[in-house]
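Counting in full-length UniProt numbering, the sequence shown runs from 1 upward without gaps.
All C-beta atoms, glycine included, are put in the ideal place defined by N, C-alpha and C.
Contents: one structure, followed by commentary.
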Amino acid sequence: MKHDPDSEPDAEPGAPSAGGPGAPRGGGRAALARWVARRLLLAVVVVLGAATVTFGALRLTPGDPVKVMVGISAAQNPEIVEQARHETGFDRPLAVQYADFLGDLARGDLGWSYQLQESVPTVIGDNLWPTVSLTLAGFALAFLIAVPLAVATAGRRPAWRALSSLLELVTVSIPGFWVGLLLLTFFSFRLHLFPATGGTGLSGLVLPAVTLALGLVGLFTQILRDGMARALDEPFALSARARGTGETAVRLRHALRHALIAISTISGWTVGALLTGAVVVETVFGRPGLGRVLATAIQNRDFPVVTGITIVSGALFTLITLGVDLLYRVVDPRLREAPA
């Protein structure tokens, strides 16, 4: 029987044709699965590498952590020092200590805090949310400041771009601790608008979040402005103008949405920068959090706490980066079917 192509039912609008570019491909899903497996393996290697470097750096630094651990008065008694050294395993060869460390890590045992006398997971759990809330607030504030600056200066006159670039350079260059001290001096000690140290409520979050955000405002503004400037010359922006769309709408609906993709691509680096900045900010403002705990643990040579926070921070960094990259591959078929 002769085949009549007109007798076939029409395909639904938007439905992929058989074998067409929109059709699901098993090879693409297999490539995505291989890519995820490789990235997870790489994440484990990265976290293990960070933990190993921290382990070696802490044990090769000058000083006796056992004497710091037992205290000044007890450190004068050799018997107490040696007993503490044996109980903590510091009397074993470095290779044996490292093997024990890897064995504990494989079992999920992050150890016991010498100074706080708590398990490391408990210490991290008690101080994780203050750092996460500060990090989220700093990111959101930096984003809210950068977006209007980028929208206002993208594609504008060179004088406006030069002024914006100068502000970006200033915000990136000023040390975070100096910004924090200035904010404390003016808004806390003089105007008494915000608590000086130790605030855990919303009022105690404002100045630390501003301090943390200012370090990112310049970077976010530059990325968004450059992305918008390129997008404003793209055909879709020119077509929107030709249809009578106003310049503000073109910037907000088209150019800004296009530029926001670039911000998400540096999300992993941003998390690392925020966690690093949180160490300084929490110390300056006396806030509870992982940053302050980490600074105190380094000072007191509390090795398990330092190593545990390093592992958790490294895991957060790699997982967030993996999540963003995975989202791109799921959304964009070209990346999904690319070689893993």
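Original post:
Mapping DSSP to helix, strand and coil, what is S119?
Top reply: Walking along the sequence shown from the start, residue 119 turns up at place 119. Note: S119 maps to strand in three-state DSSP.
**OP:** Look at G277 and L212 and say whether their C-beta atoms are less than 8 Å apart.
**Re:** As a working note, residue 277 is residue 277 in the sequence shown. As a working note, residue 212 is residue 212 in the sequence shown. Yes.
Subject >> Where D4 sits in the DSSP three-state scheme >> reply: The residue you call residue 4 lines up with position 4 of the sequence shown. Bear in mind that a pLDDT of 48 at D4, under 50, signals an unreliable position, so the model cannot answer this.
Subject >> Sequence-distant residues of its chain with Cβ nearer than 6 Å to G204 (five each side left out) >> reply: Within the sequence shown, residue 204 is the residue found at index 204, counting from 1. If we look at G204 and ignore the five residues flanking it on each side, its Cβ neighbours are P195.
Subject >> the stretch 305-316 / the stretch 39-53 touching (three or more Cβ pairs under 8 Å) >> reply: yes
Original post:
According to the neighbour-count rule (16 or more other Cβ atoms, all chains shown, within 10 Å of its Cβ), is V210 buried or exposed?
Top reply: Sequence index remark: in the sequence shown, residue 210 carries index 210 (1-based). Flag for V210 reads buried.
Original post:
How should A285 be labelled, buried or exposed, when 16 other C-beta atoms within 10 angstroms of its C-beta is the threshold for buried?
Top reply: The sequence position of residue 285 within the sequence shown is 285, counting from 1. It should be noted that the sequence gives Phe, not Ala, for residue 285. Buried, because 16 or more other Cβ atoms sit within 10 Å of the Cβ of F285.
Original post:
Would A43 pass as a contact of L322 if the rule is Cβ separation under 8 Å?
Top reply: Along the sequence shown, read from residue 1 onward, the residue named residue 43 stands at position 43. Along the sequence shown, read from residue 1 onward, the residue named residue 322 stands at position 322. Yes, the pair counts as a contact, with Cβ atoms nearer than the cut-off.
**OP:** Below 6 Å CB to CB, which residues in the same chain sit around T265 once its five sequence neighbours on both sides are set aside?
**Re:** Numbered from its first residue, the sequence shown carries residue 265 at position 265. There are no such residues.
**OP:** In the DSSP assignment, find the alpha helix (DSSP H) that holds G227 and state where it starts and stops.
**Re:** Position 227 of the sequence shown, counting from 1, holds the residue named residue 227. 203-231 is the span of the alpha helix (DSSP H), which, as asked, contains G227.
Original post:
With respect to the alpha helix (DSSP H) encompassing R292, which residues constitute its N-terminal and C-terminal limits?
Top reply: The residue labelled residue 292 in the question sits at position 292 within the sequence shown. Segment 290-299, the alpha helix (DSSP H) holding R292.
**OP:** Determine the burial state of L41: buried for a count of at least 16 other Cβ atoms within 10 Å of its Cβ, exposed for fewer.
**Re:** As a first step, residue 41 is located in the sequence shown; it is residue number 41 there, counting from the start. It is exposed - the Cβ of L41 has fewer than 16 other Cβ atoms within 10 Å.
Subject >> D325 versus V271 - alpha carbon distance >> reply: Here the question's residue 325 lines up with position 325 in the sequence shown. Here the question's residue 271 lines up with position 271 in the sequence shown. Between D325 and V271, the C-alpha separation is close to 14 Å.
**OP:** Just tell me which of I261, F189, L238 has its CA closest to the CA of Y328.
**Re:** Locating residue 328 in the sequence shown gives position 328, where the first residue counts as 1. Comparing Cα-Cα distances from Y328 to each of I261, F189, L238, the minimum goes to I261.
Original post:
Are the beta-carbon atoms of V123 and S113 separated by less than 8 Å?
Top reply: On the sequence shown, position 123 is the one that residue 123 refers to. On the sequence shown, position 113 is the one that residue 113 refers to. Closer than 8 Å, so yes.
Subject >> Cβ neighbours of L319 in the same chain (closer than 8 Å, five flanking residues each side left out) >> reply: For the purposes of this step, residue 319 is identified with residue 319 of the sequence shown, where counting begins at 1. So the qualifying residues of the chain are A43.
Subject >> Unbroken alpha helix (DSSP H) run spanning H258, endpoints >> reply: Here residue 258 refers to the residue found at position 258 when the sequence shown is read from its first residue. Where H258 is concerned, the enclosing alpha helix (DSSP H) stretches over 256-265.
Original post:
So D100 is in the alpha helix (DSSP H); what residue range does that whole segment cover?
Top reply: Reading the sequence shown from its first residue, position 100 is the one you call residue 100. First-last of the alpha helix (DSSP H) with D100: 94-106.
Subject >> Reference L118; option with closest CA among V293, G314, F317 >> reply: Residue 118 sits at position 118 when you count from the first residue of the sequence shown. This sequence places Glu at residue 118; Leu is not what is there. Nearest of V293, G314, F317 to E118, Cα basis: V293.
Original post:
Expressed to the nearest angstrom, what Euclidean distance is found between the alpha-carbon atoms of H192 and P304?
Top reply: For the purposes of this step, residue 192 is taken as residue 192 along the sequence shown, with counting starting at 1. For the purposes of this step, residue 304 is taken as residue 304 along the sequence shown, with counting starting at 1. Their Cα atoms are separated by approximately 39 Å.
Original post:
Can you name the start and end residues of the alpha helix (DSSP H) that R241 belongs to?
Top reply: For the purposes of this step, residue 241 is taken as residue 241 along the sequence shown, with counting starting at 1. Where R241 is concerned, the enclosing alpha helix (DSSP H) stretches over 235-242.
Subject >> CB of R287 within 8 Å of CB of G63, strictly >> reply: As a position in the sequence shown, residue 287 is number 287, starting the count at 1. As a position in the sequence shown, residue 63 is number 63, starting the count at 1. Contact: no.
Original post:
With C-beta atoms as the reference, is V231 less than 8 Å away from A255?
Top reply: Here residue 231 is taken as the residue at index 231 of the sequence shown, counted from 1. Here residue 255 is taken as the residue at index 255 of the sequence shown, counted from 1. Note that residue 231 is Ala in the sequence shown, not Val. The answer is yes: Cβ separation under 8 Å.
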